[in-house]
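Let me begin by presenting the structure, written as structure tokens, before commenting on it.
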């Protein structure tokens, strides 16, 4: 398998037991996936652990990838995001950021920029932009930055119930907009 192969093709070969395809996928995607883990964990060693765990999951679940349901890069990103969030939960604490403005301004994360290149990504960006600032901020902090509802509430200095309601309303509006 060549490193220039698409992630979807590599996943297909991995599903059939091709270890060379897993190596090629790692070489092709590891830097990007490490960036996703690093954005959540803010710790190089923990991010490396999350990427390693994610590639183990990828090797075991490659057959579950369905190109009809979405882009392979997004699927890989979701696996890494879940691995990083699992690791953060295991640690039992939020890893602080040295960006004091985070949570004070609208967030346009790099991962969202990559997704925005696709038609679905543009629709998602348009739907996010249509949300109220409070709903958008809560959704981005929770689902892009991996914060729990309680952590979002603490970051925004708001009651937990308020944050939960904002996120829920925002998600309902997103679902309606995307369908």
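In UniProt numbering, the protein residues as written are 1 to 179. Beta carbons: idealized from backbone N, C-alpha and C, even for Gly.
How big is the Cα-Cα spacing for residue i and residue j?
| i | j | result |
| --- | --- | --- |
| residue 129 | residue 176 | 14 angstroms |
| residue 22 | residue 162 | 44 angstroms |
| residue 72 | residue 133 | 30 angstroms |
| residue 12 | residue 123 | 28 angstroms |
| residue 63 | residue 15 | 5 angstroms |
| residue 164 | residue 38 | 26 angstroms |
| residue 127 | residue 56 | 34 angstroms |
| residue 43 | residue 35 | 11 angstroms |
| residue 81 | residue 138 | 17 angstroms |
| residue 159 | residue 152 | 10 angstroms |
| residue 108 | residue 19 | Only weak support exists for where residue 108 lies, its pLDDT of 42 falling under 50; the coordinates are left without a value. |
| residue 154 | residue 148 | 10 angstroms |
| residue 180 | residue 65 | The requested residue 180 is not part of the displayed model; the chain covers only 1 to 179. |
| residue 24 | residue 83 | 20 angstroms |
| residue 60 | residue 142 | 27 angstroms |
| residue 74 | residue 157 | 32 angstroms |
| residue 106 | residue 146 | Only weak support exists for where residue 106 lies, its pLDDT of 38 falling under 50; the value from the coordinates is given anyway. Taking the straight line joining both Cα atoms gives about 16 angstroms. |
| residue 172 | residue 79 | 24 angstroms |
Give the DSSP-derived three-state secondary structure of residue i in the structure shown.
| i | result |
| --- | --- |
| residue 120 | helix |
| residue 68 | coil |
| residue 6 | coil |
| residue 168 | helix |
| residue 12 | helix |
| residue 35 | helix |
| residue 53 | helix |
| residue 42 | coil |
| residue 102 | With a pLDDT of 48 at residue 102, under the threshold of 50, the modelled position of this residue cannot be trusted; read the value that follows with caution. Here residue 102 sits in strand by DSSP. |
| residue 86 | helix |
Is the separation between the beta-carbon of residue i and that of residue j shorter than 8 angstroms?
| i | j | result |
| --- | --- | --- |
| residue 54 | residue 85 | no |
| residue 150 | residue 67 | no |
| residue 30 | residue 41 | no |
| residue 170 | residue 125 | no |
| residue 87 | residue 48 | no |
Entirely enclosed beta strand (DSSP E) segments - the segment 126-177, minimum 3 residues:
You should have found no qualifying run.
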